[in-house]
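*Asks:* Note that our numbering has the sequence shown beginning at 1, numbered continuously upward.
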Amino acid sequence: MIDFDKSFEEYAVKWFDAHKDDFATPDDMEAELPELYERWADEPEERLGGRSPRGYFEDISDPDELVGMLRDSKEPCSLLTDRLARAEGVDKGLLGIINSDCECQIRMTAMNLLNERGVYPFDVYAGWLRDGNVDSDVRELAVEIMADNAALAADLLFPLLDGADTELKTLIAEILVNAPKDERTYRLLTDLFLNGGNIPLYAGYIGKYGDERAAAMLYRALDDCNYLEYLEIKNAIERMGGVVDDDRDFSDDMYYKAIKNLK
Numbered sequence: 001m002i003d004f005d006k007s008f009e010e011y012a013v014k015w016f017d018a019h020k021d022d023f024a025t026p027d028d029m030e031a032e033l034p035e036l037y038e039r040w041a042d043e044p045e046e047r048l049g050g051r052s053p054r055g056y057f058e059d060i061s062d063p064d065e066l067v068g069m070l071r072d073s074k075e076p077c078s079l080l081t082d083r084l085a086r087a088e089g090v091d092k093g094l095l096g097i098i099n100s101d102c103e104c105q106i107r108m109t110a111m112n113l114l115n116e117r118g119v120y121p122f123d124v125y126a127g128w129l130r131d132g133n134v135d136s137d138v139r140e141l142a143v144e145i146m147a148d149n150a151a152l153a154a155d156l157l158f159p160l161l162d163g164a165d166t167e168l169k170t171l172i173a174e175i176l177v178n179a180p181k182d183e184r185t186y187r188l189l190t191d192l193f194l195n196g197g198n199i200p201l202y203a204g205y206i207g208k209y210g211d212e213r214a215a216a217m218l219y220r221a222l223d224d225c226n227y228l229e230y231l232e233i234k235n236a237i238e239r240m241g242g243v244v245d246d247d248r249d250f251s252d253d254m255y256y257k258a259i260k261n262l263k
């Protein structure tokens with residue numbers, strides 16, 4: 001397969017060498033790159049039979065060939081991913097990639113393409129949340145995609161709470177705070193805040209979720225929290241319309257000193 005990224009790199013080196021007097025700084029050259037890439041993408045090349053790099057991909061209509069090119073890539077060319085985003089019949093192949101042992105970057109590219117195409121294999125992503133063998137970057141992207149579509153993913157997540165450890169509960173909470181209100185989500189958030197250990201994180205989740213019933217619990221937590229916890233709890237309360245009086249003295253608190261850069 002042609003290395004189109006290398007081809008563009010060679011094109012750019014030659015172009016900048018010929019136009020080096022047109023740029024005052026490296027930043028000016030960098031700013032030119034997006035427009036230069038578009039010119040390269042549409043410029044005919046002899047080795048492509050007179051087609052441009054963009055035209056080369058546009059001429060490929062076989063979905064299996066397009067998916068195969070992605071699977072065989074080390075770093076997917078943006079022209080290929082642009083074509084895949086618009087091509088017909090590639091969803092099955094992309095689903096095959098995310099369930100394969102392909103490199104992490106290729107699987108994540110397939111996930112992003114499916115998301116762009118409006119295809120959401122949330123049953124697969126939900127299964128990854130409790131699978132310790134899934135690459136952390138892949139799982140993180142799955143959480144991000146589900147969080148952006150939380151209303152669609154929520155029903156697959158609640159069953160995972162039975163017997164879940166704190167790590168899994170946290171991943172689920174990160175998604176569900178974006179879903180419509182549900183009593184199970186409220187119970188999850190309060191449980192994590194009281195027992196999960198990471199008070200700043202869970203206070204942030206509660207503030208984002210916005211259920212005012214949690215305000216009383218947050219106010220109580222202000223009495224003996226450290227400064228870092230205080231900031232997030234205060235922010236959560238204020239996001240729900242409450243008010244916190246800034247009358248506590250944190251001058252001896254290690255987090256206060258670090259944040260304020262005090263010694």
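Each residue gets a CB set at the ideal place from its N, CA and C atoms; glycine is no exception.
Where does the unbroken alpha helix (DSSP H) through Lys6 begin, and where does it stop?
*Replies:* Indexing the sequence shown from 1 puts residue 6 at position 6. Its alpha helix (DSSP H) spans residues 4-18.
*Asks:* Our contact map puts Leu113 next to Thr81 with C-beta atoms below 8 Å; I'd like the distance itself, whole angstroms only.
*Replies:* On the sequence shown, position 113 is the one that residue 113 refers to. On the sequence shown, position 81 is the one that residue 81 refers to. Confirmed, Cβ separation roughly 6 Å.
*Asks:* Taking the C-alpha atoms as reference points, what is the distance between Asp155 and Asp3?
*Replies:* Locating residue 155 in the sequence shown gives position 155, counting from the first residue. Locating residue 3 in the sequence shown gives position 3, counting from the first residue. Each residue's Cα considered, the two are about 43 Å apart.
*Asks:* When you compare the segment 61-68 with the segment 44-51, are there three or more beta-carbon pairs, one atom per stretch, that lie closer than 8 Å?
*Replies:* no
*Asks:* Could you have a look at Ser78 and say whether DSSP puts it in helix, strand or coil?
*Replies:* Counting from 1 along the sequence shown, the entry for residue 78 is found at position 78. Here Ser78 sits in helix by DSSP.
*Asks:* Decide if Ile97 is buried, meaning its Cβ has at least 16 other Cβ atoms within 10 Å, or exposed.
*Replies:* Here residue 97 refers to the residue found at position 97 of the sequence shown. Looking at its Cβ environment, which holds 16 or more other Cβ atoms inside 10 Å, Ile97 is buried.
*Asks:* Out of curiosity, what's the CA-to-CA distance linking Arg39 and Arg86?
*Replies:* Position 39 of the sequence shown, counting from 1, holds the residue named residue 39. Position 86 of the sequence shown, counting from 1, holds the residue named residue 86. Roughly 21 Å between the two C-alpha positions.
*Asks:* Quick one: using the 10 Å Cβ neighbour count with 16 as the cut-off for buried, is Arg184 buried or exposed?
*Replies:* Counting from 1 along the sequence shown, the entry for residue 184 is found at position 184. Exposed, because fewer than 16 other Cβ atoms sit within 10 Å of the Cβ of Arg184.
*Asks:* Can you tell me where the alpha helix (DSSP H) holding Lys208 begins and where it ends?
*Replies:* Within the sequence shown, the letter at position 208 stands for residue 208. In this chain, the alpha helix (DSSP H) harbouring Lys208 covers 199-209.
*Asks:* Within the same chain, show all residues whose beta-carbon is closer than 7 Å to that of Glu238, passing over the 5 residues directly before and after it, in chain order.
*Replies:* On the sequence shown, residue 238 is found 238 positions in, with the first residue counted as 1. Within the same chain, Glu238 has close Cβ partners Val244.
*Asks:* How many angstroms separate the CA atom of Gly55 from the CA atom of Glu75?
*Replies:* The sequence position of residue 55 within the sequence shown is 55, counting from 1. The sequence position of residue 75 within the sequence shown is 75, counting from 1. Near 20 Å, if we compare the C-alpha coordinates of Glu75 and Gly55.
*Asks:* What did DSSP end up calling Tyr120 once you bin it into helix, strand or coil?
*Replies:* Counting from one through the sequence shown, the residue named residue 120 turns up at place 120. Residue state, collapsed to three classes: coil.
*Asks:* Run through DSSP, which three-state label would Ala179 get?
*Replies:* Taking the first residue of the sequence shown as 1, we reach residue 179 at position 179. Residue state, collapsed to three classes: coil.
*Asks:* Give every residue of the same chain whose Cβ lies closer than 7 Å to the Cβ of Arg268, excluding the five residues on either side of it in the sequence, and list them in chain order.
*Replies:* Residue 268 cannot be examined here, being either before or after the span of the chain that is shown, 1 to 263.
*Asks:* To test your reading of the DSSP string, which unbroken alpha helix (DSSP H) runs of 4 or more residues are found completely within the segment 140-176?
*Replies:* 150-157, 166-176
*Asks:* Can you tell me whether Asp253 is buried or exposed, with buried defined as 16 or more other CB within 10 angstroms of its CB?
*Replies:* Along the sequence shown, read from residue 1 onward, the residue named residue 253 stands at position 253. With 16 or more Cβ atoms within 10 Å of its Cβ, Asp253 is classed as buried.
*Asks:* In whole angstroms, give me the CA-to-CA distance for Ala12 and Ala41.
*Replies:* Here the question's residue 12 lines up with position 12 in the sequence shown. Here the question's residue 41 lines up with position 41 in the sequence shown. Their backbone Cα atoms lie some 12 Å apart in a straight line.
*Asks:* In the DSSP assignment, the alpha helix (DSSP H) including Asp249 goes from what residue to what residue?
*Replies:* Translated into the one-based positions of the sequence shown, residue 249 becomes position 249. Asp249: not part of any alpha helix (DSSP H); DSSP gives it neither H nor E.
*Asks:* Which residue comes first and which comes last in the alpha helix (DSSP H) that contains Phe57?
*Replies:* Position 57 of the sequence shown, counted from the first residue, corresponds to residue 57. Here the alpha helix (DSSP H) through Phe57 covers 53-58.
*Asks:* Quick one: what's got a C-beta closer than 7 Å to Leu94's C-beta in the same chain, skipping five residues either side?
*Replies:* Taking the sequence shown and counting its residues from 1, the one referred to as residue 94 is at position 94. The beta carbon of Leu94 sits closer than 7 Å to the beta carbons of Val67, Ala110, Leu113, Leu114 from its chain, once the five residues preceding and following it are set aside; these are given in chain order.
*Asks:* Let me confirm a value: Met146 is counted as buried when at least 16 other C-beta atoms fall within 10 Å, else exposed. Which label applies?
*Replies:* Working through the sequence shown from its first residue, we reach residue 146 at position 146. The residue is buried, with at least 16 neighbouring Cβ atoms inside 10 Å.
*Asks:* Can you list, in chain order, the residues of its chain with a C-beta nearer than 6 Å to that of Thr166? Leave out the 5 residues immediately preceding and following it.
*Replies:* For the purposes of this step, residue 166 is taken as the residue at position 166 of the sequence shown. These residues qualify, in order along the chain: Gly196.
*Asks:* When the Cβ atoms of the segment 216-230 are set against those of the segment 175-189, are three or more pairs found closer than 8 Å?
*Replies:* no
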